[in-house]
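This report refers to the structure that appears directly beneath it.
Residue numbers (my numbering): 31 to 230.
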C-alpha cells in the first residue's frame, strides 16, 4: 500500500511542492520538492516491506530485464568503478577495509581492491547479484542487519553508488552507517543521480 510522505526526509519540513510526475514501468511516480532545503523526494512511495521485497526480487528484472548481471550492465559497472577509483585516487590508503553498500556484481569492490589493495566487503539485497559477486570471491551480505551480526565492522571506507536515493530515510541511514560501520575518521563515498537528468 502506498505511503504518503508528510514531511521532508532530510529536514523535516511539511512544506513541499510538486516537482514532477512521470510514468516508469507502467507506474505513476510523483516527486516533490521540499521548499525548505530543496530535497526532491517521492510521495507517495512503497511501504518499507514493499521496498524490501522489490529490491530483493524485482528491481533488476524491471530495469534490466534479467535477475542477474548481463554483459551491458557489467560494462557500465566497470566504467563507473573506474571513474570512482580515479575520483578518490590518493585519498585511499592501501589495505583499508572497504564496505560497499548496494555492491551489485562486486565490480566496484574488485576495482578498489585491485587499485588500492582494499579489503572488500559488500551488502547486496538482490539474490542473483549477491550470488554472482560471491562467485567472484567476495564476501557479500544480504543486509546491514546480517552484516551487523558478522563482526566485520568497522570500516575505513564506506561507499554507496546510486543507493542513497533509494532510502526512504536517508538521514537515519547515514547516521547508522556513521555510528555502526565507519571509523571516526573514515571516508564516506556517495554517488547520486543528477537531479535534472536522473533518467540519463
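Think of the CB as a built atom: it goes at the ideal place given N, C-alpha and C, for glycine as much as any other residue.
- Counting along the chain, no alpha helix (DSSP H) covers residue 135, and no H or E run does either.
- Annotation: the continuous alpha helix (DSSP H) that includes residue 79 extends over 78-83.
- The way I'd put it, the segment 125-143 does touch the segment 96-113; three or more beta-carbon pairs between them come closer than 8 Å.
- Taking a C-beta distance under 9 Å as the contact criterion, residue 174 and residue 152 do not qualify as a contact pair.
- Look at the segment 165-198 and you find these whole runs of beta strand (DSSP E), each 3 residues long or longer: 169-171, 185-191.
- Under the DSSP assignment, residue 213 falls in the beta strand (DSSP E) whose first and last residues are 212-221.
- A Cβ-Cβ separation of about 7 Å places residue 43 in contact with residue 67 under the 8 Å criterion.
- For residue 186, the closest alpha carbon among the candidates 180, 35, 218 is that of 218.
- Beta-bridge analysis with DSSP links residue 46 to 64.
- Distance from the CA of residue 59 to the CA of residue 224, rounded to the nearest whole angstrom, comes to 17 Å.
- By the Cβ criterion, the segment 73-87 is in contact with the segment 192-211, since at least three pairs of Cβ atoms, one from each stretch, lie closer than 8 Å.
- For residue 204, no beta strand (DSSP E) run applies; the uninterrupted alpha helix (DSSP H) run containing it begins and ends at 200-206, by DSSP.
- Across the set 76, 52, 51, 39, the C-alpha of 39 shows the shortest separation from the C-alpha of residue 69.
- The C-alpha of residue 213 is placed about 19 Å away from the C-alpha of residue 200.
- Relative to residue 117, the option among 37, 215, 191, 34 whose CA is nearest is 191.
- With a contact defined as Cβ atoms closer than 8 Å, residue 216 and residue 188 qualify at about 7 Å.
- Here residue 211 has 129, 174, 177, 183, 184, 185, 188 as same chain residues with Cβ atoms under 8 Å from its own Cβ, once five neighbours each way along the sequence are excluded.
- With 16 or more other Cβ atoms from the protein chains shown falling within 10 Å of its own Cβ, residue 154 counts as buried.
- Note that the C-beta distance between residue 147 and residue 125 is below 9 Å.
- Residue 149 is positioned such that its CB atom lies no closer than 9 Å to that of residue 166.
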